[in-house]
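Protein chains in written order, with the working numbering: chain G, -8 to 102; chain H, 1292 to 1404. These notes are about the structure you will find just below.
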Amino acid sequence: KQEVTQIPAALSVPEGENLVLNCSFTDSAIYNLQWFRQDPGKGLTSLLLIQSSQREQTSGRLNASLDKSSGRSTLYIAASQPGDSATYLCVNFFTTDKIIFGKGTRLHILP
Amino acid sequence: NAGVTQTPKFQVLKTGQSMTLQCAQDMNHEYMSWYRQDPGMGLRLIHYSVGAGITDQGEVPNGYNVSRSTTEDFPLRLLSAAPSQTSVYFCASSNRQGSGELFFGEGSRLTVL
């Protein structure tokens, strides 16, 4: 069974620190991998999309990497800010039809 | 730039009532899907469609029906609502032949009493 795991489930760090969120998956035959953020009671905002032929993508203070051989993706957030507090979701497109979500990491940046 | 539009945003139903959650996208995406999100359970796939006239079941399809008569629309029907269907529902679409990036609607919060 294809699974996506996000560890840790929750994380609190002081403002200004760099941090890494992890996403692991059981099947290396992925199509794309996408990171989202979700604020409480809100919808999903796309952060970064990594296509299977790529190894990383960057947007501002965010950098996402993809290592298919180890079945892992990481989301790196530099110089964290209180506004980064949200739940971060990893979604893995094992095929273009069956799109599986991780349960997310709840991030709290302490002012 | 409408993207993916869901209606209604909020709905309260009584057990046994029926309703339809509407989802429309204006990006000519072949792929559309419905998810439900519950505390501690993450996003779970209900049904998906890879094109007009084609639908398939996801992880939690029981109690829900879908149809895809046009590329733009993918309604989700609850024929006889149950309290277990209280949830937040998200519709998403993707261009399978392009980048594959997934786009989401803003969600529909459903309460079944």
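For each residue, glycine too, the CB sits at the ideal point set by N, CA and C.
- Using a Cβ-Cβ cut-off of 8 Å, residue 1390 of chain H is close to 23, 40 and 42 of chain G, given in chain order.
- Taking the beta carbon of residue 75 of chain G as reference, no residue of chain H falls within 9 Å; the closest one sits roughly 20 Å away.
- The three-state secondary structure of residue 1342 of chain H, taken from DSSP, is strand.
- In the structure shown, residue 75 of chain G adopts helical secondary structure according to DSSP, grouped into three states.
- Contact residues of the stretch 1341 to 1365 of chain H toward chain G are 1341, 1347, 1349 and 1350 (C-beta to C-beta distance below 9 Å).
- In the DSSP annotation of this structure, the continuous segment of the beta strand (DSSP E) that includes residue 28 of chain G starts and ends at 23 to 29.
- At least 7 Å separates the CB of residue 1401 of chain H from every CB of chain G.
- Rounded to the nearest angstrom, the gap between the Cα atoms of residue 83 of chain G and residue 1336 of chain H is 13 Å.
- Here the C-alpha atom of residue 94 of chain G lies approximately 32 Å from the C-alpha atom of residue 1360 of chain H.
- Here residue 42 of chain G is not near residue 13 of chain G, since their CB atoms are 7 Å or more apart.
- Judged by pairs of C-beta atoms under 8 Å, the stretch 1293 to 1301 of chain H does not touch the stretch 1337 to 1348 of chain H, as fewer than three such pairs exist.
- Under the three-state reduction of DSSP output, residue 1352 of chain H falls in the coil class, being neither helix nor strand.
- Annotation for residue 56 of chain G: the continuous beta strand (DSSP E) segment containing it runs 53 to 58.
- Non-local beta-carbon contacts of residue 1393 of chain H in its own chain, meaning distances under 6 Å to residues more than five positions away in sequence, involve 1383 and 1385 in chain order.
- CA-CA distance, residue 5 of chain G to residue 30 of chain G, rounds to 19 Å.
- Among the residues facing chain G, residue 1397 of chain H is included, as its CB has a counterpart in that chain under 7 Å away.
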